[in-house]
Amino acid sequence: MAQTTLTTKPEEEILILRPTHGWAALNLRDLWVYRELIYFLSWRDVKVRYKQTALGVAWAIIQPFFTMVVFTIFFGKLAKVPTNDVPPPIFYMTGLLPWGLFTKAITDAGHSLVMNRSMITKVYFPRLAIPIASVLGGLVDFVIAFAILVGMILYYNYAPGSTYHVATTRLVWTLPLFLLLDIITSLGVGLWLSALNVNYRDINYILPFLTQFWLFITPIAYPASLIPAEWQLIYSLNPMTGVVEGFRWAFLGAGTPPSPMLAVSTTISIIVLISGLFYFRRMEQTFADMV
Amino acid sequence: MTDLAIRAEDLGKRFRIGITQDSYRTLRDSLSEAAKAPFRAFRSKSRNSNRGNSINTIWALKNVSFDVHKGQVLGIIGRNGAGKSTLLKILSRVTEPTEGMVEIHGRVGSLLEVGTGFHPELTGRENIYLNGAILGMKRSEIERKFDEMVAFSEVEQFIDTPVKRYSSGMYLRLAFAVAAHLEPEILVVDEVLAVGDAEFQRKCLGKMSDVAQEGRTVLFVSHNMSAILRLTEEALVLDRGRLVMRAPTQQAVDYYLTSGFTQTGERIWTDDEIPAEAAPFCPISLKLFDSRHIVVDTLRSVEPAIIEVEYALDAPITGLRVGVYLMTTRGEQIFTTFDTDSHENFERYSVRPVGRYVSRCVIPADLLNEGRYILGLNASSFRVRRYFQDEYALTFSLDGTGAPGMQWPEPRLGPLRPRLEWQIEERK
Chain A
3 MAQTTLTTKP EEEILILRPT HGWAALNLRD LWVYRELIYF LSWRDVKVRY
53 KQTALGVAWA IIQPFFTMVV FTIFFGKLAK VPTNDVPPPI FYMTGLLPWG
103 LFTKAITDAG HSLVMNRSMI TKVYFPRLAI PIASVLGGLV DFVIAFAILV
153 GMILYYNYAP GSTYHVATTR LVWTLPLFLL LDIITSLGVG LWLSALNVNY
203 RDINYILPFL TQFWLFITPI AYPASLIPAE WQLIYSLNPM TGVVEGFRWA
253 FLGAGTPPSP MLAVSTTISI IVLISGLFYF RRMEQTFADM V
Chain B
204 MTDLAIRAED LGKRFRIGIT QDSYRTLRDS LSEAAKAPFR AFRSKSRNSN
254 RGNSINTIWA LKNVSFDVHK GQVLGIIGRN GAGKSTLLKI LSRVTEPTEG
304 MVEIHGRVGS LLEVGTGFHP ELTGRENIYL NGAILGMKRS EIERKFDEMV
354 AFSEVEQFID TPVKRYSSGM YLRLAFAVAA HLEPEILVVD EVLAVGDAEF
404 QRKCLGKMSD VAQEGRTVLF VSHNMSAILR LTEEALVLDR GRLVMRAPTQ
454 QAVDYYLTSG FTQTGERIWT DDEIPAEAAP FCPISLKLFD SRHIVVDTLR
504 SVEPAIIEVE YALDAPITGL RVGVYLMTTR GEQIFTTFDT DSHENFERYS
554 VRPVGRYVSR CVIPADLLNE GRYILGLNAS SFRVRRYFQD EYALTFSLDG
604 TGAPGMQWPE PRLGPLRPRL EWQIEERK
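Residue numbers (the numbering used here), protein chains in the order written: chain A, 3 to 293; chain B, 204 to 631.
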């Protein structure tokens, strides 16, 4: 076709729709065009989450806080699980924060496509926007819970009669990197679960069980150093090991510094994310027909 | 160089209607089946895999090719399940074709539903932003048109109220307001007008014709034939997934309305076609005769015609009236008439006893214009009950040979073509 700019608008896009077979390209450019939609969807999730609840945003604090209290009583006081010389409440809270973001993200993302069925069957937009928005929506809860953690640290350091002193290290600047790793892991797992849930609603039943099980294989209620050395490598195949240990290390200087274990966890996280993206894209073509 | 907006070639869409042994199974069934027993589903899938394109699939769309030029307003009509919605879903990229291809020049905005993604807990203002973003608008674009949208929706006072407190009319108006301000080069619209009250529909149609007049390409699906006729110049007729006709809208609508109807000038109801609620009224037939008392499907404008309704009553009915509707295939109502319209009949048949009846009337000569018409049947007791209604009982053609003004071979507007006495006087 001859290019005549007189009559054709130069920016006119020509779109070819044809059946795709097998693995499709990720088409992240399209996702970038729809970045505002991702923002609006996570904004909606946040806005709606605590509507018509008596306690409202307090729920973002209550959940990790009371879990921390229970852990402190049972694991700290009764079972006397070591906590890397960090006050048990701080130790548990630093583990529960990235964990909370992860469970919330995979649960919300896992249900997200099915919940937004009406949109998927009626309008085109990159479907990736939905699980991504679910994951990012959890960040608000994370920030609120993080403020509580900071409050707890201040309490330990300045309250009269406090025997502990919590010191954050100079390496605290690496914290955002571990937060990023947390998001990558959550998104990777979330993408797999959301795409699978379109075809197999078993995911609804697997999710609560999965998060419970995963909690025990992640060093939240205990330090990773408790795991025998010969099992460490296998243990670090759980990507959340690297996230939680790294988070604690960056914040408190407690536990193992970045090590082969972190490298393994990070690699797994990235593999899960990339495979999740491709699996999602492959299944995306049938979402509207199957959901 | 081309002014093509859409080109579709050999488009096909296949749906699996079941992956287990049962051959008749809805998509939903097979989904829930798969969810309940993934392992069973896996096994039967591998067992079925050698069957290939088995009976478990249906083609919702097959071999559909057409093109649309820029600025064209194209209607798409067809019965339920004809593939209209599937076609729109492919064009709006909601779902992928199974075969064939579509080439689209320009940004597509689709309106397969109004209020997609509206959240009941969010306010009107918040939903405008959310819905706008879902429809593909930029935030700046929404901000620019915000006031206009609110004005269009007429819900100014409630814009900061959660939409769950809106009446259904307000909800629809707000939802349509957002959609109506979408400015794509190609607009794809499904049955959005099927909802809402008459006022809302009028407003939607007005907005749609504005869009059409702005020179944008519009694809419009509706069951509302008068809307299709008003808004589109040309239409596609789909039937069971095939494109059966592309013609100027009037011709396409005629074809759609008359295909599948009896063409013989009579309609006979069989037992299984009569709903239980009709009892004790039992329709038997509706027939159309010409002046020689022969059943015909083509009447002559210059001759009178006879309509006969035959029916039986299993129990006496008080205040029964049996009558017909006449309308054109464009959907224009012409008249409604009942057998007890006259005072005499009204008094005499105040209670109609058990028995078999024929109600008969004559359509006078020189009344109707040439064209195609639809006769509907109604049996009811005023403000008590409607026993039976069939709005599209039979269709017939009217031949205008000999009608007034036939010396000019031009179509005359309007369903009537009365022979009126004209006097021409010369004034000095």
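All C-beta atoms, glycine included, are put in the ideal place defined by N, C-alpha and C.
Contact set between residue i and chain B, taken where Cβ atoms lie within less than 7 Å
i: Leu17/A; result: Ile307
i: Leu28/A; result: Residues of chain B passing the Cβ test: none, with the nearest at roughly 16 Å.
Cβ of residue i within 8 Å of any chain A Cβ
i: Val424/B; result: no
i: Arg342/B; result: yes
i: Lys490/B; result: no
i: Met373/B; result: no
i: Ala336/B; result: yes
i: Gly320/B; result: yes
i: Ser268/B; result: no
i: Lys348/B; result: no
i: Met304/B; result: yes
i: Gly286/B; result: no
i: Phe218/B; result: yes
i: Lys292/B; result: yes
i: Gly339/B; result: yes
i: Glu386/B; result: no
i: Ser494/B; result: no
i: Thr301/B; result: yes
i: Glu329/B; result: yes
i: Ser583/B; result: no
Beta bridge counterpart(s) of residue i as assigned by DSSP
i: His308/B; result: Ile16/A
i: Ile485/B; result: For the sequence presented, residue 485/B should be read as Cys rather than Ile. The partner list for Cys485/B (beta bridge, DSSP) reads Ala515/B.
i: Ala211/B; result: Phe269/B, Val305/B
i: Ser562/B; result: Val512/B
i: Ser528/B; result: With the sequence shown as reference, residue 528/B is identified as Tyr, and Ser is not the correct amino acid for it. Answer by DSSP bridge pairing, in chain order: Thr539/B, Gly579/B.
i: Trp702/B; result: This structure does not reach residue 702/B, given that chain B is present from 204 up to 631, and the question cannot be answered.
i: Pro451/B; result: Glu437/B
i: Leu601/B; result: Leu502/B, Gly574/B
i: Thr521/B; result: Val554/B
Chain B within 8 Å of residue i, Cβ atoms only
i: Thr55/A; result: no
i: Gln287/A; result: yes
i: Pro133/A; result: no
i: Lys49/A; result: yes
i: Phe42/A; result: yes
i: Leu209/A; result: no
i: Leu39/A; result: yes
i: Arg20/A; result: yes
i: Arg31/A; result: no
i: Arg46/A; result: yes
i: Phe280/A; result: no
Under 7 Å by beta carbon: chain A residues contacting residue i
i: Gly558/B; result: Within chain A, no residue comes near Gly558/B; the closest Cβ sits about 53 Å away, beyond 7 Å.
i: Tyr332/B; result: Phe42
i: Glu638/B; result: The requested residue 638/B does not occur in the structure, where chain B is confined to residues 204 to 631.
i: Ser553/B; result: By Cβ distance, chain A contributes nothing, its closest Cβ being about 53 Å from Ser553/B, past 7 Å.
i: Thr420/B; result: Those do not exist, as Thr420/B stays about 12 Å from chain A at its closest Cβ, beyond 7 Å.
Interface residues of chain A facing residue i [CB-CB closer than 8 Å]
i: Val297/B; result: Ile122, Thr123, Lys124, Val125, Tyr126, Ala290
i: Ser429/B; result: Going along chain A, no residue has its Cβ under 8 Å from Ser429/B, so there is no contact; the nearest lies around 26 Å.
Chain-ordered neighbours of residue i on chain A, where CB pairs are closer than 9 Å
i: Phe538/B; result: The contacting residues do not exist; Phe538/B stays about 41 Å from chain A at best.
i: Leu325/B; result: Arg46, Lys49, Val50, Lys53
Contact set between residue i and chain B, taken where Cβ atoms lie within less than 9 Å
i: Arg283/A; result: Result: empty, since nearest Cβ-Cβ is about 12 Å, beyond 9 Å.
Neighbour list for residue i in chain B, Cβ cutoff strictly below 8 Å
i: Arg172/A; result: Per Cβ cutoff of 8 Å: no residues; Arg172/A is ~40 Å from chain B at best.
Heavy atom of the ligand SAH within 7 Å of residue i beta-carbon
i: Glu388/B; result: With respect to the ligand SAH, the structure offers nothing, as it holds no ligand at all.
Give, in chain order, every unbroken run of the alpha helix (DSSP H) that is at least 4 residues long and sits entirely within the segment 43 to 99 of chain A. 60 to 73
Which whole runs of the alpha helix (DSSP H) in the segment 365 to 390 of chain B are 4 residues long or more, in chain order? 371 to 383
Note down, one range per segment and in chain order, each beta strand (DSSP E) of at least 3 residues found wholly within the segment 155 to 194 of chain A. none
Given 8 Å, three or more beta-carbon pairs between the segment 308 to 321 of chain B and the segment 332 to 344 of chain B: yes
The segment 240 to 260 of chain A in contact with the segment 203 to 222 of chain A per 3-pair CB rule at 8 Å: yes
Does the segment 122 to 134 of chain A come into contact with the segment 206 to 215 of chain A, if we say contact requires no fewer than three beta-carbon pairs (one atom in each stretch) closer than 8 Å? no
Specify whether the segment 374 to 382 of chain B and the segment 314 to 334 of chain B touch according to this definition: at least 3 beta carbon pairs, one from each stretch, less than 8 Å apart. yes
Does the structure place the segment 539 to 556 of chain B close enough to the segment 480 to 490 of chain B that three or more beta carbon pairs sit under 8 Å? no
Contact between the segment 190 to 199 of chain A and the segment 77 to 85 of chain A (3+ Cβ pairs under 8 Å): no
Which whole runs of the alpha helix (DSSP H) in the segment 239 to 268 of chain A are 4 residues long or more, in chain order? 241 to 254
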